[in-house]
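Here is the structure we will look at, set down as structure tokens.
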Amino acid sequence: MPENVIIVGGGLSGLAAACALAERGVRVTLLESRPRLGGRAGSFTDRTTGTQIDNCQHVTMGCCTNFQKFCDTVGVSELFRRETQLNFVGPDGSIDTLASSWLPAPLHLFGGFRRLRYLSRADRRCLSRGLRSLARTRPANDDRQTFADWLREHRQTPTAIERFWKVVLVSALSETLDRIDVASARKVFVDAFLANRRGWEVQIPTVPLDELYGSRLTDWLTNRHATIRLKCGVEQLLVEDDRVKAVELRGDERLDADEFILAVPHQRVAALLPESLRTIPEVAGLDCLESAPIASVHLWFDRPLTDLPHAAFLERLSQWMFNRTELQSDDVSTPPHYYYQIVISASRSIAGMTQEQVIETVVAELAEVWPAVGEAQLVHSRLVTEQKAVFSVLPGADAWRPAQQSFIANLQFAGDWTRTGWPATMEGAVRSGYLAAENVLARLGRPEKLLAPDLPTAPLSKILLGL
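No gaps in the numbering here: position 77 of the sequence shown is 108 in my numbering, and each next residue is one more.
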């Protein structure tokens, strides 16, 4: 009889573990309290327009090799569109484009940065020095320096900070520069921009996240004899003799298994464990991980605003615009609408604003760039805020991130909050699921390496930057 593994949590980390184990013949039972899979990477139907919209726009990059492996494995890679250039809206409303050249990393984006008109020649020289210094920086595990302090220490100009460092990092890490540790900032720039010419390429889903992680993954897993139970809340793990014996569900149902993976948000871990285990450092330390919010403004107009698929905004409340008209409902009984999503990461700044004020500000910012906004009718709008979207990569936060192997032999932790070497990203979530699955396979006497290798570092990056 195949070994039985229960996975609590149907977000990306739980799904990655489930797919890896089911593919190898392990009998998997996946329990999810919500009515859908995907966790924070989910969608819902807007009742007014009939559009299935994502809680927040999720994107991946070329450096996210394990997320790519996951998508290849379950057959959803074709549902992503690869962007070969990034569009930036400068403070004056002009649009610049960043694209790579034929040169190898780290020179592939050099020409593109030179053409960004909102950066002066002095700013570009400053950035070049800063990127070289960051690449050669090796932050200690106990480093308490914020990246804002690092930038000041390395004499980055206010304009370079506002129009480059902030634009990249706030969107990548969903935190402000004064709440980002140096190691996480370095990770973003080295992996995405400096080590390999493919690392920076952005990939955007062309379908709602529920289609990516819902019906397709359900079919894939059930075809491999996995059991998926939605709307299935877990009350607690039952621990006896230093082993997890079972999970107790709401309604007093009990499910037994050989191995267990707890793939829930870090805020929920302690509540699922017996009270006697909640003071163990790996569990108690999770309370020290802080969270950051992300907001998204969803706008439907009666006419198109722009043909651009995306744009990053500088020095505005709006940070990214994604043209999501392709997700519109096909219902011919309703007039055509043009749907755009505006993302505001680390969105604490809107806490004192009403929904109407946020939407009004965002629409006004769009009108400064695209005159069509002034002529268009805003048919519908809504603001969605995820207060605990990601854990904050504060200096010292890594000390509170536990390994996947817990203090109980047959219990693994999975989630982007575990020790993955990555910040809070879809890549980090998938890596944690694979690492948890590796531990399970090793315990079952079937050791196998599941993690995909990182993109190779270009030889010139090694020579010029010491990577």
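Every residue, glycine too, gets a C-beta built ideally from N, C-alpha and C.
Own chain, CB closer than 8 Å to residue i, minus 5 neighbours either side, in chain order
i	result
LEU150	PHE144, LEU158, THR190, ALA191, ARG194 and PHE195
GLY230	MET92, GLY93, CYS94, ALA136, ASP222, ALA223, PHE224 and LEU486
Chain-order list of residues whose beta-carbon lies under 7 Å from that of residue i (same chain, five-residue window excluded)
i	result
GLN386	LEU414
PRO426	ASP174, ARG175, GLN176, THR177 and ASP212
TRP431	GLY316, LEU317, CYS319 and LEU320
ARG462	ASN97, THR451, TRP453 and LEU482
GLN435	GLN443, PHE444, ALA445, THR449, SER463, LEU466, ALA467 and ASN470
Cα-Cα separation, residue i to residue j
i	j	result
GLY69	GLN298	17 Å
GLN388	GLN418	18 Å
THR310	LEU466	25 Å
GLN88	TRP351	9 Å
GLU290	ILE259	16 Å
ALA53	LEU46	10 Å
ARG169	ARG217	9 Å
PRO335	ALA377	28 Å
LEU248	GLU406	42 Å
LEU280	SER108	34 Å
SER349	GLU396	7 Å
ILE439	VAL471	12 Å
ASP447	SER44	7 Å
VAL201	THR207	6 Å
VAL400	THR451	40 Å
GLU242	LEU110	9 Å
SER364	ASP333	Below a pLDDT of 50, predicted positions are generally treated as unreliable, and SER364, at 45, falls in that range; the measurement from the model is reported next regardless. When rounded, the distance between both Cα atoms is 15 Å.
SER215	VAL424	7 Å
LEU495	ILE373	37 Å
HIS341	PHE141	22 Å
ARG148	ARG155	10 Å
THR237	PHE353	11 Å
LEU339	CYS102	26 Å
ALA302	GLU271	17 Å
LEU182	ALA171	17 Å
ARG379	VAL120	22 Å
ARG146	LYS197	19 Å
ASP77	ASP283	35 Å
Element boundaries [alpha helix (DSSP H), containing residue i]
i	result
GLN408	No alpha helix (DSSP H) contains GLN408, which DSSP labels as neither H nor E.
TYR465	457 to 474
PHE141	141 to 145
GLU271	Run containing GLU271: none in the alpha helix (DSSP H); it sits in the beta strand (DSSP E), 265 to 271.
TRP251	247 to 253
SER492	490 to 496
6 Å CB neighbourhood of residue i in its chain, flanking five on each side removed
i	result
ARG274	ASN441
THR128	GLN116 and ASN118
VAL59	VAL36, ALA49, LEU52, ALA53 and ALA257
ALA130	GLN116 and GLY143
SER327	CYS87, GLN372, VAL374 and VAL415
TRP331	THR80, HIS368, TYR370, VAL410 and HIS411
Backbone secondary structure at residue i - three-state DSSP
i	result
ARG210	helix
MET384	coil
THR79	coil
ILE192	helix
THR177	strand
LYS419	strand
VAL363	Per-residue confidence for VAL363 stands at a pLDDT of 41, beneath the threshold of 50, marking its modelled position as unreliable; the derived number appears in the next sentence. Here VAL363 sits in coil by DSSP.
LYS276	strand
ARG67	coil
THR258	strand
TRP331	strand
VAL105	helix
TYR149	coil
GLY42	strand
ASN97	helix
Boundaries (first-last residue) of the beta strand (DSSP E) holding residue i
i	result
ARG347	From DSSP, ARG347 is part of no beta strand (DSSP E); its letter is neither H nor E.
ARG112	111 to 114
VAL221	That residue, VAL221, is in no beta strand (DSSP E); it is neither H nor E in DSSP.
PRO236	233 to 236
VAL198	Where VAL198 is concerned, there is no enclosing beta strand (DSSP E), although the alpha helix (DSSP H) it sits in stretches over 197 to 204.
heavy atom of the ligand SAH below 6 Å from residue i C-beta
i	result
PRO236	In terms of ligand content, the structure shown is empty, and the ligand SAH therefore cannot be addressed.
Q. Using 8 Å as the Cβ pair cut-off and three pairs as the minimum, do the segment 218 to 226 and the segment 481 to 492 touch?
A. yes
Q.
Taking contact to mean 3 or more Cβ pairs, one atom from each stretch, closer than 8 Å, check whether the segment 469 to 484 and the segment 110 to 118 are in contact.
A. By the criterion of at least three beta-carbon pairs nearer than 8 Å, the segment 469 to 484 is not in contact with the segment 110 to 118.
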